[in-house]
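Residue numbers (numbering that gives the first Met the number 0), protein chains in the order written: chain A, 0 to 276; chain B, 0 to 377; chain C, 0 to 318.
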Amino acid sequence: MQARRIAGRVLFYLLAAAIIVYTVFPFYWAIVSSLKAGSALFQVEFWPANPAWDNYAGVFRGQPFARNILNSVVVSVAVVALSLFLALTASYALGRVQFRGRGTLLMVVLGVSMFPQVAVLSGMFELIRWLGLYNNLMGLILSYMIFTLPFTVWVLTTFMRELPKELEEAAIVDGASPWVIITRVFLPLMGPALATTGLLAFIAAWNEFLFALTFTLSNDMRTVPVAIALITGTSQFELPWGNIMAASVIVTVPLLVLVMIFQRKIVSGLTAGAVKG
Amino acid sequence: MATVTLRGVRKSFGGMEIIHGVDLDIDDNELTVFVGPSGCGKSTLLRLIAGLEDITSGEMTIDGVRVNDLPPKERGISMVFQSYALYPHMSVYDNMAFGLKLANGSKDAIDAKVREAARILQIENLLTRKPRELSGGQRQRVAIGRAIVREPKVFLFDEPLSNLDAALRVQMRIELAKLKEDLSATMVYVTHDQVEAMTLANKIVVLRAGHVEQVGSPLELYHHPRNLFVAGFIGSPKMNFLETVASDIGRDTATVKIPGGGTMAVPARTAGMAPGAKVTLGVRPEHLVPGEEGDSVMEGRVFVVERLGGETYCHVRVDGGQSVVIRTGGDSPVNPGEQVRIGVPAATCHLFDRDGIALDRVERHPLADLDMPRSATG
Amino acid sequence: MTTAFDTNRLPAPRVTPAGRSKGSALTRQRRRAALIFLAPMVIVLALVAGWPLARTIYFSFTDATLYNLEYHELIGFLNFYYLAVDPQWWRAVWNTVFFAVVSVSIETILGMVIALTLNAHMPGRGLLRAAMLIPWAIPTVVSAQMWGWMYHDLYGVINEIFLGIGLIDRPHAWIADPALSMYAVIAVDVWKTTPFMTLLILAALQLLPGEVYEAARVDGINPVKVFFKVTLPLIKPALMVAIIFRTLDALRIFDLMYVLTGNSRATASMSVYARQQLVDFQDVGYGSAASTFLFLIIAAFTVIYITVGKVNFDGQGGK
């Protein structure tokens, strides 16, 4: 019996080690590569003999990377803020007020979140051009709503449903209108929910590629994913992999830090949306 | 200060009717208790008065004003919820001040009212605390404080003591009774506990399955229950019910058979009753007398003895198979298995016809009309 | 029996038909507020989702081009006909379906294994769970570039390692070689998305009642049998939801393929193909038709998702 338990434990740790290596290796390799200057890149060593920051400097020289990062931040924050605001009031209605067509509306919201982005591409392109928002961050903020809004509405509605009924009734007896109930009674209680939802929506907006690729033209309007995908080198045939890896690391580290800090919330947010429906 | 009247009030949820045509008068300056078993509709009725549910049909007025279409805040009511429903993120002070702030009162006026309520409830030292830092009893008081500051016409209480443990419940009950005197307001109180009902109420409304069974003062319900349900609901332990037959009907007496073969003449208004009619004889455990005294005597064997120290309840199986509970003194020497004799004083007996309706008693109990400034309807 | 109530003052009770109350002021106020609260969200959604979708579907019946969007003519189902006979389109459809089926299968099995591992109460599983979030947190584009570098035919570390352990005898062009590129793409997607499946499955596993396993242990049943006969059936509903959810995502894939393999025919998904037609070839009509086709497929799947998931639309919570 004891032998079996030890064998089980060893197996577990082996498996765990394998999993960790599998998940972490690509990122590790990117870091290693980014620290190899010049031709050192073409040697396969598992740790650079002469680590250097050349590639990191190169990233900012080759394109307005700092500007790209700023663009991503602006767009993501704006989209999240807008979505949360619209979703907050909508989720109160969807989660706590009985009206005809509520179920249908929720179904439509869920349906929209399933759209393939390319399905609205031509229509969206026409719309953005017509509004004069081509190659403009506002165009991205507008178009991103198509996936952040349904998501935030869905998750916040789930949270709104959970809030106790008697609390709302006490506020009604106290003379609170629905707006007051949302802003002064429920909102203070929804901090964690808003944070989680906002974080997940932020990550989704940050990662978005198709719309950003299609609706921006100039280098200084690009967001981070597009910038990283289109990093070009001096030569037509050889991509500056060192720079690309450096850019990848720059972008990934803050995201990883955010995700690690908010681990629990993220996990519960993801599963709340999907598993419990 | 206000009266509440209900006329033909019905409430349906979906297709199901929960409240069936209730007529009620809740008098000014009184504590009226809605009591009944789970699902009888007492909470629903309270919520109809509050305006948290819509009235399906019927009329309701508060202080003479028709309130069917008014939202809660315009009805002049305050409510204390079963779970207290305190705002978790606000301090005690802010909890109590919230409603007043929404009504745009002046800061000084609000402050004065909050502090006065806090003084009445002795929670002045808790004003800066958050609800999660308070004990159950303290939260109770804050909830009541929040209701007081609104200076409502009618206070509504939805089973406020249900969430407290037994000891705390007794203590809070006494405080509520004191509060009732201090505030002199109209109060409607919902509970399933008939002890709370008896001790707190000026008037009790007994509900069952959406119908009002009887309305009256506590002692009136105790001494003059209208039907089997009310008779069995009020008083603990339950009234003893013996199925029997009225062998002889006089003008103001009915002679009934009792277990053991004897008969007893019970004073009752017997109009319309025929000899041989099936009746239920009701007598409370505290009115039975151990021994031979009484207008008739039953014999039986004790099968359970419950000793509470100050009193003892003996469960006796009498001839004919029915069982009876008798209350005796704490020092009663009875043991299970013993044969005992129980005396039944006819004057304390109730008779119910075969539909469960009580026959009017001949003499009205002197205390039954105590503390009844206005007459009751129902 | 006297009453304190003056019957002369009050109107006769109004009897409304049973069950149809027009609602007190409270209900009406709440409903009104609800509609006002919903309006902005619904308007925005109609603007960014409803309208563009409608336009895209409309365009698929026209001969519009990107450089001349305003002037176009309706050409009926012509685009769809061209689509139906276009071998590259069907290659794209096959690519997408193949990708979805293989990816999701591997992710499910792998996710199950890892979830079961994480579910065991052993020290260090917190670290494991943190490591699991890394692939999920890294943007898809970045992942594609990182793996693209690892896959490099000359300097990539994958060739290096495989050669070193004798798995292959010469360096392979994982991305350029059409026979290999799809598998390269799948491998990246598996790496990136298995964590998500793992988390979903883990959540489902943690909801299972512990007593079932204790009873099985007391009865001395083989753990493998316990898995297939007890665990699997119990988590099947959540598992089905997760699988369909993931499949929907996989069918929509764009970023990974575009960045890793560009518009290469061997790996182009339907999204890549559609976009290529729209933007690179400027053929809005044709591209929109492809997009519409994709949308219909996704819609069909969504219906399955909603039915199988029995997603709760009219839940309780404040009447």
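Beta carbons are placed, not taken as given, at the ideal position from N, Cα and C, and that holds for glycine. Just so it is clear, the structure is predicted and the values come from calculations on it, not from any experiment.
Alpha carbon of residue i to alpha carbon of residue j, nearest angstrom
| i | j | result |
| --- | --- | --- |
| Pro232 of chain C | Ala15 of chain A | 26 angstroms |
| Val32 of chain B | Ile54 of chain B | 20 angstroms |
| Leu193 of chain A | Ile202 of chain A | 14 angstroms |
| Ala195 of chain C | Ser263 of chain C | For the sequence presented, residue 195 of chain C should be read as Phe rather than Ala. If you take the alpha carbons of Phe195 of chain C and Ser263 of chain C, they lie about 28 angstroms apart. |
| Pro163 of chain A | Tyr86 of chain B | 11 angstroms |
| Leu201 of chain C | Val302 of chain C | 25 angstroms |
| Ala226 of chain A | Asn67 of chain A | 7 angstroms |
| Gly155 of chain C | Gly163 of chain C | 13 angstroms |
| Gln121 of chain B | Ile113 of chain C | 58 angstroms |
| Ser246 of chain B | Gly319 of chain B | 17 angstroms |
| Gln81 of chain B | Glu158 of chain B | 5 angstroms |
| Tyr182 of chain C | Lys264 of chain A | 34 angstroms |
| Asp251 of chain B | Thr269 of chain B | 6 angstroms |
| Gln315 of chain C | Leu229 of chain A | Note that Gln315 of chain C scores a pLDDT of 36, beneath 50, so its modelled location is shaky; the value from the coordinates is reported in the next line. Their backbone Cα atoms lie some 49 angstroms apart in a straight line. |
| Arg340 of chain B | Gly261 of chain B | 13 angstroms |
| Leu83 of chain A | His210 of chain B | 48 angstroms |
| Ile42 of chain C | His88 of chain B | 33 angstroms |
| Leu241 of chain B | Gly293 of chain B | 17 angstroms |
| Arg316 of chain B | Leu307 of chain B | 21 angstroms |
| Trp50 of chain C | Ala99 of chain C | 29 angstroms |
| Arg183 of chain A | Leu47 of chain B | 26 angstroms |
Cβ neighbour criterion (16 or more within 10 Å) applied to residue i
| i | result |
| --- | --- |
| Asn78 of chain C | buried |
| Trp28 of chain A | buried |
| Tyr150 of chain C | buried |
| Phe302 of chain B | exposed |
| Arg225 of chain B | buried |
| Gly329 of chain B | exposed |
| Thr213 of chain A | buried |
| Leu73 of chain C | exposed |
| Asp218 of chain C | exposed |
| Gln87 of chain C | exposed |
| Asn54 of chain A | buried |
| Asp219 of chain A | exposed |
| Glu52 of chain B | buried |
| Glu362 of chain B | exposed |
DSSP beta-bridge partners of residue i
| i | result |
| --- | --- |
| Phe156 of chain B | B:Val79, B:Tyr188 |
| Ala245 of chain B | B:Val255, B:Ala276 |
| Lys10 of chain B | B:Ile18 |
| Arg66 of chain A | Partner(s): none; Arg66 of chain A has no beta bridge. |
| Asn134 of chain A | Asn134 of chain A pairs with nothing; no bridge assigned. |
| Gln213 of chain B | B:Val205 |
| His314 of chain B | B:Val303, B:Val324 |
| Asn67 of chain C | C:Thr64 |
| Glu58 of chain B | B:Arg6 |
| Ser295 of chain B | B:Val343 |
| Arg65 of chain B | B:Thr60 |
Contact set between residue i and chain C, taken where Cβ atoms lie within less than 7 angstroms
| i | result |
| --- | --- |
| Leu44 of chain B | By Cβ distance, chain C contributes nothing, its closest Cβ being about 15 angstroms from Leu44 of chain B, past 7 angstroms. |
Rounded distance between the beta-carbons of residue j and residue i, thought under 8 angstroms
| i | j | result |
| --- | --- | --- |
| Thr185 of chain B | Ala1 of chain B | 6 angstroms |
| Met272 of chain B | Asp352 of chain B | 7 angstroms |
| Ala204 of chain A | Val79 of chain A | 6 angstroms |
| Pro266 of chain B | Ala345 of chain B | 7 angstroms |
| Leu104 of chain A | Leu87 of chain A | Rounded, the Cβ-Cβ distance is 16 angstroms, inconsistent with contact. |
| Gly75 of chain B | Ile61 of chain B | 6 angstroms |
Chain-ordered chain A contacts of residue i [CB-CB under 8 angstroms]
| i | result |
| --- | --- |
| Ile76 of chain B | Val172 |
Per-residue contacts from residue i into chain A (C-beta, under 9 angstroms)
| i | result |
| --- | --- |
| Gly275 of chain B | None at all; the shortest Cβ gap to chain A is about 55 angstroms. |
Partner residues on chain B for residue i, Cβ-Cβ distance less than 9 angstroms
| i | result |
| --- | --- |
| Glu168 of chain A | Arg46, Ala49, Leu51, Pro71, Met78, Phe80, Ala84 |
| Pro187 of chain A | Tyr86, Pro87, His88, Met89 |
| Val179 of chain A | Leu101 |
Closer than 6 angstroms: residue i CB and nearest the ligand PLP heavy atom
| i | result |
| --- | --- |
| Leu166 of chain A | This structure lacks the ligand PLP; in fact it carries no ligand of any kind. |
Within chain B, partners of residue i - CB distance below 8 angstroms
| i | result |
| --- | --- |
| Glu161 of chain A | Result: empty, since nearest Cβ-Cβ is about 14 angstroms, beyond 8 angstroms. |
| Gln28 of chain C | Pro70 |
Per-residue contacts from residue i into chain A (C-beta, under 7 angstroms)
| i | result |
| --- | --- |
| Gly98 of chain B | Asp173, Gly174 |
| Gly123 of chain C | Ala15 |
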